[in-house]
Amino acid sequence: MALVLVAASCGVGQQPSQGGGGGGGPKKICMMPKLVGIPYFNASEKGAEEAAKDLDVELVYDGPTEAKAALQSQMIEQWIQQQCGAISVAANDPDALAPAMKKAEDAGIKTSSWDADVAKDAREVFVNQATFEAIGYELVDVMAEQTDGKGKFLVVTGSLTAPNQVAWLKEMRERMKEKYPEMSIASVEPGEEDLQLGIDITKNYLRANPDTAGVFGITSVALPGAAEAVEQEGLEGEVAVTGLSTPNDMKPYLESGAVEKFVLWNPVDLGYLAVHVANAQIEGNMPKSGTFEAGRLGKVEMIAEDEVLLGPPLVFSQDNIDEYDF
């Protein structure tokens, strides 16, 4: 099967706004994904642009072309000089980005993270797509359905330092220990958000470890890579595959039988929510508890004084895949 990941160019804002927000800062929101050019973060950009239009704020949505924290830090440093009222980042490394984010805060810029958190003392708010426990548990439960709750598993991740992936792995192991003691993670391999690398890692691992029961791909690039590898090796129905990715990328693998179910949330809604949070910060209206009004999403929950929750994860299968387009 030919596998294509469609890349979209990232949106870049216009010239720096001269208008002030209710909180005293420019109504310009600078939002950074882990990297640009992959469908997941293209979908988040779509939601961010929708929210920016609704709120009548200027949006800069940009990021590195590789999932490298050093490149993100460089961009944050540039944004500090560009009159951003708020900076919101999806971190490749929570600690590596902390100095730049603290510098932004010292400059009077509102700071937040989304998708993957930075160090807590380096931002004001985290926009969480779903709790780490909910995601980790759902991934394991979906895999357990297909493997009778037994076997050794490969995990292909993006990096070994991405905070959300580290947290999901912790919860996956906890779920196995508590509910599926005959399941275990045998290896965790970083695919570096590189599709071909993920395919190669999975194929090589399965050839060396033919007793592998299944593969988790826990990024939007890692999962189609794992599914493609299983398909190329002719192991559909023998090696189970699940993880986190977008419906448009995974639909061919549901149709081929390489994947039965996979997990995600709505990245369009995540981008939309992140812009609403950043705008509320600029306006000085960000609550510390209760609920937060976020446009078409309605009321979303503050699960901590510095954390907003989008909602529970979604499970995609042949039954509902056609209901989504991202």
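So the sequence shown is numbered by the working numbering: it starts at 1 and just counts up by one. By construction, the Cβ of each residue, glycine as well, lies at the ideal position given by its N, Cα and C atoms.
Query                                                                                                                                                                  : Result
In terms of residue numbering, what span does the beta strand (DSSP E) encompassing M183 cover?                                                                        : 183 to 190
If V127 and A274 are in contact, beta carbons under 8 Å, what's the gap, nearest whole angstrom?                                                                       : 5 Å
What are the boundary residues of the beta strand (DSSP E) that I303 is part of?                                                                                       : 299 to 304
Could you check the C-alpha separation between L195 and G37 for me, to the nearest Å?                                                                                  : 12 Å
For G24, count neighbouring C-beta atoms within 10 Å of its own C-beta (all shown protein chains included) and say buried if the count is 16 or more, exposed if not.  : The pLDDT assigned to G24 is 49, lower than 50, so where the model puts this residue is not dependable; a value taken from the coordinates is nonetheless given after this. With fewer than 16 other Cβ atoms within 10 Å, it is exposed.
Of the residues K28, K299, G136, which one's Cα is nearest the Cα of F216?                                                                                             : G136
To the nearest angstrom, report how far apart W114 and A186 are at their CA atoms.                                                                                     : 30 Å
Buried or exposed: P313, going by 16 or more other Cβ atoms within 10 Å of its Cβ?                                                                                     : buried
Note down, one range per segment and in chain order, each alpha helix (DSSP H) of at least 4 residues found wholly within the region 27 to 93.                         : 39 to 55, 69 to 80
Taking only the alpha-carbon atoms, compute the straight-line gap between V140 and Q83 and give it to the nearest angstrom.                                            : 44 Å
Can you name the residues that DSSP bridges to V155?                                                                                                                   : V188, F216
Enumerate in chain order the residues of its own chain whose CB-to-CB distance from I109 is below 6 Å, with the five nearest sequence positions on each side excluded. : C84, I87
Check whether the Cβ atoms of K299 and E293 lie closer than 8 Å to each other.                                                                                         : yes
Compare the beta carbon distance of N92 and A48 with 8 Å and say whether it is the shorter of the two.                                                                 : no
Can G311 be considered in contact with the ligand ADP, in the sense that its beta carbon sits closer than 7 Å to one or more heavy atoms?                              : The ligand content of the structure shown is nil, which means the ligand ADP is not present either.
Using 10 angstroms around the beta-carbon of K28, count the other beta-carbons present and answer buried if the total reaches 16, otherwise exposed.                   : buried
For N164, I'd like the list of residues in its chain whose CB is within less than 6 Å of its CB, leaving aside the five on either flank, ordered along the chain.      : A116
Between M75, N204, P33, which has its C-alpha nearest G191's C-alpha?                                                                                                  : N204
Taking Cβ to Cβ, would you say L223 is nearer than 8 Å to S245?                                                                                                        : yes
Can you find the residues in the same chain that come closer than 7 Å, C-beta to C-beta, to I321, ignoring five residues on each side of it along the sequence?        : P247, K251, L254
Give the secondary structure of K110 by DSSP, where H, G and I count as helix, E and B as strand, and everything else as coil.                                         : strand
Roughly how many angstroms lie between the CA atoms of G214 and G243, to the nearest whole one?                                                                        : 11 Å
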